[in-house]
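S.K.: For the sequence shown, position 172 matches number 177 in our numbering, and the numbering has no gaps at all.
Glycine included, every Cβ here is placed at the ideal spot set by N, Cα and C.
Being a predicted model, the structure only gives us computed values, none of them experimental.
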Amino acid sequence: MNKTTATEVSSPDLEKLNANMARIEELSQRLVKAMATRKSTSAALEAPGPDLALKASAAWWSDALHNPAKLVEQQVNYWGQALTHFIEAQQVLAQGKLEPPTDKTPKDRRFSNPLWETHPYFNYVKQQYLMQSQAMQKAVAGIEGLDAADRKRLTYFADQILNMMAPTNFLGTNPDALERAVATEGESLVRGLENLVRDLEENDSGLLVSLADKDAFVIGDNIAATEGGVVYRNRMFELIQYKPATEKVHAIPLVIFPPWINKFYVMDLRPENSLIRWIVDQGFTLFVVSWKNPDRSYADVGLIDYVEEGYLAAINETKRITGQKKVNAVGYCIAGTTLSIALSLMKQRGDKSINSATFLTTLTDFSDPGEVGVFLDEGFVGGIEAEVRRAGFLDKYYMSRTFSYLRSNDLIYAPAVRSYLLGESPPAFDLLFWNGDGTNLPARMAVEYLRGLCQGNGLLKGDFQIGGTTVSLSDIQVPLCAIACETDHIAGWRASYTGIQNMGSTDKTFILSESGHIAGIINPPSKGKYGHFTNASWPASPAEWKAGAERHAGSWWPRWGEWLAGKSGARVAARPVGDGEHPVLAPAPGLYVGEVPGA
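1) Have a look at glutamate 277 and leucine 159 and give me their C-alpha separation to the nearest angstrom.
2) Going straight from the alpha carbon of proline 119 to that of glutamate 104, what length do you get?
3) In three-state DSSP terms, what is phenylalanine 262?
4) Is there contact between the region 360-377 and the region 297-311, where contact requires at least three CB pairs shorter than 8 Å?
5) By alpha-carbon positions, which one of Trp562, Thr539, Glu252, Phe515 ends up nearest to serine 531?
6) Classify isoleucine 166 as buried or exposed, calling it buried when 16 or more other Cβ atoms lie within 10 Å of its own Cβ.
7) Hey, out of Tyr425, Tyr247, Pro125, whose CA is closest to asparagine 200's CA?
8) Between which two residues does the beta strand (DSSP E) holding alanine 575 run?
9) If you follow the alpha helix (DSSP H) that phenylalanine 438 is in, where does it begin and where does it stop?
10) Output needed for lysine 352: all residues of its chain with C-beta closer than 8 Å, excluding positions within five of it in sequence on either side, in chain order.
11) Could you tell me the alpha carbon to alpha carbon distance between alanine 318 and glutamate 453, rounded to whole angstroms?
12) Just reading off the beta strand (DSSP E) that glutamine 470 is part of, what are its end residues?
13) Which word fits glutamate 31, buried or exposed, when buried means at least 16 other C-beta atoms lie within 10 angstroms of its C-beta?
14) Could you check if alanine 334 is buried or exposed, using at least 16 other CB atoms within 10 Å of its CB as the buried criterion?
15) Applying the 10 Å Cβ sphere with the 16-neighbour rule, what's the burial state of isoleucine 92?
16) Between the Cα of leucine 348 and the Cα atoms of Thr474, Arg394, Ala250, which residue gives the shortest distance?
17) Out of Gly150, Asp113, Tyr129, state which residue places its alpha-carbon closest to the alpha-carbon of proline 106.
18) May I ask you to report which of helix, strand or coil DSSP gives cysteine 459?
19) Report the residue from Ala558, Gly553, Ile526, Glu549 whose alpha carbon sits nearest the alpha carbon of glycine 536.
20) Here's the rule: buried if 16 or more other CB atoms are within 10 angstroms of the residue's CB, otherwise exposed. What is alanine 11?
21) So which of Pro432, Asn72, Leu205 has the shortest CA-CA distance to glycine 147?
22) Given a threshold of 16 other Cβ atoms within 10 Å of its Cβ, counted over all protein chains shown, does serine 345 qualify as buried or as exposed?
23) Check the DSSP bridge columns for glutamate 243 and list the partner residues they point to.
24) Buried or exposed: where does glycine 85 fall if 16 or more other Cβ atoms within 10 Å of its Cβ makes it buried?
25) Once the 5 residues before and after glutamate 232 are set aside, which same chain residues still bring their CB inside 6 Å of it?
26) Assign methionine 40 to buried or exposed, taking buried as 16 or more other Cβ atoms, counted over all protein chains shown, within 10 Å of its Cβ.
27) Just reading off the alpha helix (DSSP H) that leucine 365 is part of, what are its end residues?
28) Looking only at its chain, what residues have a beta carbon closer than 7 Å to the beta carbon of glutamate 20, apart from the 5 residues adjacent to it on each side?
29) For tyrosine 337, write down the residues that DSSP places opposite it in a beta bridge.
30) Are the beta-carbon atoms belonging to glycine 234 and valine 589 less than 8 Å from one another?
31) Tell me whether isoleucine 228 sits in a helix, a strand or coil according to DSSP, three-state version.
32) Curious, which full-length alpha helix (DSSP H) runs of at least 4 residues does the region 56-136 contain?
33) Just the C-alpha distance for alanine 246 and glutamate 314, rounded to the nearest angstrom, thanks.
34) What's the call for methionine 169, buried or exposed, on a 16-neighbour Cβ count within 10 Å?
35) From the DSSP output, read off the bridge partner residues of proline 592.
36) State yes or no: is the C-beta of leucine 368 within less than 8 Å of the C-beta of serine 215?
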């Protein structure tokens, strides 16, 4: 029997170690280079302004002077919990037991590894972190003398600190990462460093965690693949007409205006969850706007340009192609807000081209914008204004990061742990692929939206001016249907309700879908996943509306489809894509959707 030498046993490991060290050296050089060329950003866009710290400090000291017992009680409670836990952990170890003491902390999905419950070290770290988190959250909630907006901001930023400092985010206190590193002989950490460097390089040294495998999807092939063609193009958008799927279609066509913060194909991911394909299958002639991704040359493009060269142009071209005098229109998110502006402007001009309007997760009342409101203080908006003045546009990086922090555990820290600590590749997930495919915003438009609508609430107040005209929600008098989402963190459903409530139409339908900003809208009937609520009355408050609403199982799509059919006229022979004056310029999804400014 041949003897195996020590050299033969260790040689493969040594070769792997040397290879990993070489990779680490190369990655470290790339990391240093990426960090050295990191683009500078305004401090106002990186953290809360000093005003919040001053207000919180003043309120805390006022509390301390007027009610010292409350603050002492908060501290003593926390100290008591922390020390009691420490003593209990020591007593268990002193008895020779390698196990944690009683754990009364709440369940948290971040701590799913069994070692968080069974290993004394990891359990101790977890319990102390959760006790500290509870103490800080109670302390923030107990501060008096703050108005509602400042309290919301303080709570938000305190939670961000707590989320960032979770032990799951660090190698030495994450059992999953340590187990993976041991099992792979450190290979997982090398892959994690590769992922980190890649993300820095792809975002000009600004860190955005890749949420999806960018190579898993090809736009127009296995995503955004519903058949159709671009039948019109200008500097603002491409107009896509989709090929009919039925022999007869409703006479009045439908035009969808998606938000230009992201790409339109969130409504056309895969065949089984494509809202676009579903609409075509119901017998509607469908046109969808695909917005241009702007660069510095679009710096002076404002909301009036989106209305005039976007909405009105798309509506007029749709009418010309179909030979109809009216169209039905859909606006999603910010495109719904702008659709309301367009409707008011058209009313004052005597333009009756829109037969009905549908608003998806749309805010027109910004008095309580929901969770995103923490970013609408003067410091942050002023920072945005300074940035777009410098660059000529708002880079997609800022919008993506801002929305990600509204769900930081799901969209930042958990993906970062998987990618950087566990060394995993991003998943092949169509919705997350789309989420990472953002767009820029023109400088003028971004400031007009933030100042005049978000901060000034000009639409609800009836004093927002565009193109020399003052627009108002009361001008919106066409039949309308609004769909809001129950857990929407971008366009809160209550504010959506009050905005629709203030519109002038006497024919209004409001539907509340379960789930959030995207999942509540992209909710195909075949999944049977999220239900929805309806209520034919319009009580004063959203809470009253919800209390009197009826819940229905399944997607809102069929209910809306019936409503839309009633606004779309008789059936006529299906129309071809384009006409003699509108030849197909490119197959769907068009050219604009794949453009990268400056590339």
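M.R.: Working from what's here:
1) Against the sequence shown, residue 277 aligns to sequence position 272. Against the sequence shown, residue 159 aligns to sequence position 154. Their backbone Cα atoms lie some 42 Å apart in a straight line.
2) Residue numbering aside, residue 119 sits at position 114 when the sequence shown is read from its first letter. Residue numbering aside, residue 104 sits at position 99 when the sequence shown is read from its first letter. The straight-line gap from Cα to Cα measures roughly 12 Å.
3) Working through the sequence shown from its first residue, we reach residue 262 at position 257. In the displayed model, phenylalanine 262 falls within a strand according to three-state DSSP.
4) no
5) As a first step, residue 531 is located in the sequence shown; it is residue number 526 there, counting from the start. Of the candidates Trp562, Thr539, Glu252, Phe515, the one whose C-alpha sits nearest the C-alpha of serine 531 is Trp562.
6) Here residue 166 is taken as the residue at index 161 of the sequence shown, counted from 1. Looking at its Cβ environment, which holds fewer than 16 other Cβ atoms inside 10 Å, isoleucine 166 is exposed.
7) Start at 1 with the first residue of the sequence shown, and residue 200 comes out as number 195. With distances taken between Cα atoms, asparagine 200 lies closest to Tyr425.
8) Start at 1 with the first residue of the sequence shown, and residue 575 comes out as number 570. Here alanine 575 belongs to no beta strand (DSSP E), and DSSP marks it neither H nor E.
9) Start at 1 with the first residue of the sequence shown, and residue 438 comes out as number 433. That run of the alpha helix (DSSP H) goes 435-440.
10) In the sequence shown, the residue the question calls residue 352 occupies position 347. When the five nearest sequence neighbours on each side are left out, the beta carbons in the same chain lying within less than 8 Å of the beta carbon of lysine 352 are those of Asp480, Ile481, Gln482, in order along the chain.
11) Here the question's residue 318 lines up with position 313 in the sequence shown. Here the question's residue 453 lines up with position 448 in the sequence shown. If you take the alpha carbons of alanine 318 and glutamate 453, they lie about 21 Å apart.
12) Residue numbering aside, residue 470 sits at position 465 when the sequence shown is read from its first letter. First-last of the beta strand (DSSP E) with glutamine 470: 469-471.
13) Here residue 31 refers to the residue found at position 26 of the sequence shown. Per the 10 Å Cβ criterion, exposed.
14) Within the sequence shown, numbered from 1, the residue matching residue 334 stands at position 329. Flag for alanine 334 reads buried.
15) By 1-based counting over the sequence shown, the position of residue 92 is 87. By the 10 Å Cβ count, isoleucine 92 comes out exposed.
16) Translated into positions along the sequence shown, residue 348 becomes position 343. Selection Thr474, Arg394, Ala250 evaluated against leucine 348 yields Thr474 as nearest (Cα-Cα).
17) Position 101 of the sequence shown, counted from the start, is the residue given in the question as residue 106. Closest by alpha carbon: Tyr129.
18) The count along the sequence shown starts at 1 and reaches residue 459 at position 454. Note: cysteine 459 maps to helix in three-state DSSP.
19) Position 531 of the sequence shown holds residue 536. Closest in alpha carbon position to glycine 536, among Ala558, Gly553, Ile526, Glu549, is Ala558.
20) Stepping through the sequence shown from its first residue, residue 11 is reached at position 6. Bear in mind that the predicted position of alanine 11 carries a pLDDT of just 39, short of 50, making it too unreliable to give a figure here.
21) Position 142 of the sequence shown, counted from the start, is the residue given in the question as residue 147. When only C-alpha atoms are compared, the closest one is Asn72.
22) On the sequence shown, position 340 is the one that residue 345 refers to. Counting Cβ neighbours within 10 Å, serine 345 comes out buried, since at least 16 surround it.
23) Along the sequence shown, one-based indexing puts residue 243 at 238. DSSP output for glutamate 243 lists Arg238, Ser295 as bridge partner(s).
24) Here residue 85 refers to the residue found at position 80 of the sequence shown. Exposed, since its Cβ has fewer than 16 Cβ neighbours within 10 Å.
25) For the purposes of this step, residue 232 is identified with residue 227 of the sequence shown, where counting begins at 1. The residues are Lys248.
26) The residue you call residue 40 lines up with position 35 of the sequence shown. When all chains shown are included, methionine 40 counts as exposed.
27) What you label residue 365 is simply residue 360 of the sequence shown in a count that begins at 1. That residue, leucine 365, is in no alpha helix (DSSP H); its beta strand (DSSP E) goes 359-365.
28) Counted from its first residue, the sequence shown places residue 20 at position 15. Taken in chain order, the list of residues that qualify is empty.
29) Mapped onto the sequence shown, residue 337 falls at position 332. Partner(s): Leu365.
30) Along the sequence shown, one-based indexing puts residue 234 at 229. Along the sequence shown, one-based indexing puts residue 589 at 584. Contact: yes.
31) On the sequence shown, residue 228 is found 223 positions in, with the first residue counted as 1. Isoleucine 228 falls in the strand class under three-state DSSP.
32) 73-99, 120-123
33) Residue 246 sits at position 241 when you count from the first residue of the sequence shown. Residue 314 sits at position 309 when you count from the first residue of the sequence shown. Before going on, a small fix: residue 246 reads as glutamine here, not alanine. Approximately 18 Å between the Cα atoms of the pair.
34) For this step, residue 169 is matched to residue 164 along the sequence shown. Result: exposed.
35) Indexing the sequence shown from 1 puts residue 592 at position 587. Answer by DSSP bridge pairing, in chain order: Gly234.
36) Stepping through the sequence shown from its first residue, residue 368 is reached at position 363. Stepping through the sequence shown from its first residue, residue 215 is reached at position 210. With contacts defined by Cβ atoms closer than 8 Å, leucine 368 and serine 215 do not form a contacting pair.
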